[in-house]
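So the protein lines, in turn, are chains A and V. For the first sequence, numbering that gives the first Met the number 0 begins at 0 and goes up steadily by one. For the second sequence, numbering that gives the first Met the number 0 begins at 0 and goes up steadily by one. In this text, a Cβ means the ideal position worked out from N, Cα and C, and glycines have one as well. Quick caveat, the model's predicted, so the values are computed rather than measured. Here's the structure, in structure tokens; my notes come after.
Protein chains: 2
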Amino acid sequence: MGDVRRRAAKTPGAADKPTRTAILNAAEAIMREEGYAAVSSRRIAATAGLKSQLVHYYFKTMDELFGALLARVEEQYFGRLAAAAAASAPLHAVWAMLIDENGPRLTKEFIAMVTHRPVLRREIAGSAERTRSLITALIARALNEHAPDHSPPASVLAVMMESIGRLIVSDAGLGVSATHDETIAFVESQLARIEPVASKTPGRRAAGAKPS
Amino acid sequence: MGDVRRRAAKTPGAADKPTRTAILNAAEAIMREEGYAAVSSRRIAATAGLKSQLVHYYFKTMDELFGALLARVEEQYFGRLAAAAAASAPLHAVWAMLIDENGPRLTKEFIAMVTHRPVLRREIAGSAERTRSLITALIARALNEHAPDHSPPASVLAVMMESIGRLIVSDAGLGVSATHDETIAFVESQLARIEPVASKTPGRRAAGAKPS
DNA sequence: GTCTATAGGCCGATAGAC
DNA sequence: GTCTATCGGCCTATAGAC
Numbered sequence: 000m001g002d003v004r005r006r007a008a009k010t011p012g013a014a015d016k017p018t019r020t021a022i023l024n025a026a027e028a029i030m031r032e033e034g035y036a037a038v039s040s041r042r043i044a045a046t047a048g049l050k051s052q053l054v055h056y057y058f059k060t061m062d063e064l065f066g067a068l069l070a071r072v073e074e075q076y077f078g079r080l081a082a083a084a085a086a087s088a089p090l091h092a093v094w095a096m097l098i099d100e101n102g103p104r105l106t107k108e109f110i111a112m113v114t115h116r117p118v119l120r121r122e123i124a125g126s127a128e129r130t131r132s133l134i135t136a137l138i139a140r141a142l143n144e145h146a147p148d149h150s151p152p153a154s155v156l157a158v159m160m161e162s163i164g165r166l167i168v169s170d171a172g173l174g175v176s177a178t179h180d181e182t183i184a185f186v187e188s189q190l191a192r193i194e195p196v197a198s199k200t201p202g203r204r205a206a207g208a209k210p211s
Numbered sequence: 000m001g002d003v004r005r006r007a008a009k010t011p012g013a014a015d016k017p018t019r020t021a022i023l024n025a026a027e028a029i030m031r032e033e034g035y036a037a038v039s040s041r042r043i044a045a046t047a048g049l050k051s052q053l054v055h056y057y058f059k060t061m062d063e064l065f066g067a068l069l070a071r072v073e074e075q076y077f078g079r080l081a082a083a084a085a086a087s088a089p090l091h092a093v094w095a096m097l098i099d100e101n102g103p104r105l106t107k108e109f110i111a112m113v114t115h116r117p118v119l120r121r122e123i124a125g126s127a128e129r130t131r132s133l134i135t136a137l138i139a140r141a142l143n144e145h146a147p148d149h150s151p152p153a154s155v156l157a158v159m160m161e162s163i164g165r166l167i168v169s170d171a172g173l174g175v176s177a178t179h180d181e182t183i184a185f186v187e188s189q190l191a192r193i194e195p196v197a198s199k200t201p202g203r204r205a206a207g208a209k210p211s
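Below you can see the structure in the form of structure tokens.
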């Protein structure tokens, strides 16, 4: 029992076949380190220690491979996003995700790839919209509880949060980081106003005052 | 007189040779429409109506070609930026540039290309820093004249302005534009506070009150 | 499922005629 | 400066043996 011969529609081994996973892992690694343009069936095979034809066995075309990789990356990403949203300080958690290099690196790569490989445009656009509305909802909820004097609408704040995060990550990729510290400090000071952080870890007294 | 046989160091015909220009034009067009990965000597030649070997005559390597294109794009970009900075409402003019699709499209492509072609990283980083400090200076000047109650530092505002602009352009490329109108409206309302727009075109009374 | 073999194409780059 | 000719390489993808 357990494996009742289930049928996968699209590709051999719907998801968790180890070789398939190895292929996607290799593709993701190459994409992250050298950009989407460096991802080829041969490079993938070399990285994963396979023959390049196996790549074509699991994914008929490269478009299909990139689609599968995108799906996997999205799934992980929204999983992490959901976890952040469920944390005690959701906005702070989401913000931490946004300025973490590793997350947006692939996102950026996929967005850039759309110009060259238009097939994935709708999927990527949908993903972007989904992220946007999730963050907007989180901000709206926080605003509802701690409304500051006159605040921009939640949707605008969501755009600001996301865009600043992306620029910081993009700059970091270029080796530019001059004004990041004060930008991050500013964003976090604003976040603290609509989502007060109750010093979670016990033992130390309330955060905020540095002993200097 | 006039052409005293001047020597160009790097490539045949330092700058304004028509074929060279045609090559760069073609490269730029392809890059803009299909992404950096679609730019090849053969595609360039086909677009410009040349033989691909001519591309290699003017640019020994593709890296050199992309470097030359970057230099040209930067020159145009900073020219426009300087003009905007000299306008009567510099921040508004710069903002208009930032959310104009055509400018940042190539910038984004070059930034994405860095992952794949690291040679240009320093140059692109320098360009980014130059833009950043120029915008920061404009904002600082405006803040100095019309200081609002409590404003973030100019450098942070510069990051915000640039990042929001980039996200809007990026979204537009994906076909996402749900919250752009209100975002743009918000940014412009903030800009108007630190850089009042004296209704330039005469005939109508002061802007701001809509007859509805 | 993994292999060998191979077709057919675009790529960067060079050599040499004119 | 522009052309023809060409090398060697990497690419996607398919056919077929095991």
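Check, Outcome
"Measuring straight from C-alpha to C-alpha, what distance separates A:GLY164 and A:LEU97?", "5 Å"
"Would you mind telling me which residues of chain V sit closer than 7 Å to A:ARG129, beta carbon to beta carbon, in chain order?", "Residues of chain V passing the Cβ test: none, with the nearest at roughly 11 Å."
"Measuring alpha carbon to alpha carbon, tell me which of A:HIS91, A:GLU74, A:PRO152 ends up nearest A:ILE123.", "A:GLU74"
"Out of A:GLU33, A:PRO152, A:ILE43, which one is the CA nearest neighbour of A:LEU23?", "A:ILE43"
"Using three-state DSSP, classify A:THR178 as helix, strand or coil.", "coil"
"Considering Cα atoms alone, identify which of V:MET160, V:LEU64, V:SER150 is closest to V:MET30.", "V:LEU64"
"Cα separation between V:ALA157 and A:ASP99?", "21 Å"
"Could you work out which residue in A:LEU190, A:ARG131, A:GLU181 is closest to A:LEU142 when comparing CA atoms only?", "A:LEU190"
"Going by DSSP in three states, A:GLU212 sits in which element: helix, strand or coil?", "A query on residue 212 of chain A cannot be resolved here, the shown segment of chain A reaching from 0 to 211 and no further."
"Would you tell me roughly how many angstroms separate the C-alpha atoms of V:ARG140 and V:LEU133, rounded to the nearest one?", "11 Å"
"Drop a sphere of 10 angstroms on the beta-carbon of V:ALA184, count the other beta-carbons inside from all chains shown, and report buried for 16 or more, exposed for fewer.", "exposed"
"Just to make sure I have the definition right: I need the residues of chain A whose C-beta is within less than 7 Å of the C-beta of V:PHE65. Which are they?", "Ordered by position in chain A, no residue passes the 7 Å Cβ test against V:PHE65, which lies about 13 Å from the chain."
"Check whether the Cβ atoms of V:ALA88 and V:VAL196 lie closer than 7 Å to each other.", "yes"
"Who are the neighbours of V:ILE163 on chain A, taking C-beta pairs under 7 Å?", "VAL158, MET159, SER162"
"What does V:ALA120 reach in chain A if we use C-beta pairs closer than 8 Å?", "For the record, residue 120 of chain V in the displayed sequence is Arg; it is not Ala. Simply LEU173, GLY174."
"Taking A:ILE167 as the reference, give the member of V:ALA171, V:ALA127, V:LEU49 with the closest Cα.", "V:ALA127"
"Between V:GLY78 and chain A, is any beta-carbon pair separated by less than 7 Å?", "no"
"Are any of the Cβ atoms in chain V nearer than 7 Å to that of A:LEU166?", "yes"
"How many angstroms separate the CA atom of V:VAL93 from the CA atom of A:SER188?", "27 Å"
"To which residues of the same chain is A:PRO11 closer than 7 Å at the C-beta, ignoring the five residues directly before and after it?", "TYR56, TYR57"
"What do you get for V:PRO147, buried or exposed, if any count of 16 or more other CB atoms within 10 angstroms of its CB means buried?", "exposed"
"Find the residues of chain A that neighbour V:VAL155, judging by a C-beta separation of less than 8 Å, and give them in chain order.", "THR178, GLU181, THR182, PHE185"
"Using a cut-off of 7 Å between C-beta atoms, extract the partners of V:SER169 located in chain A.", "ILE110"
"Can V:LEU69 and V:LEU137 be called in contact, C-beta distance under 7 Å?", "no"
"For V:ARG121, collect the residues of the same chain with a Cβ closer than 8 Å to its Cβ; drop the 5 residues on either side in sequence, then sort them by chain order.", "none"
"What is the rounded straight-line gap between the Cα of V:ALA83 and the Cα of A:ASP170?", "24 Å"
"Would you call the CB atoms of V:VAL38 and V:ALA21 closer than 7 Å?", "no"
"Tell me whether the beta-carbon of A:THR114 lies closer than 7 Å to the beta-carbon of V:GLY34.", "yes"
"Within 7 Å of any Cβ in chain V, is that where the Cβ of A:ALA37 sits?", "yes"
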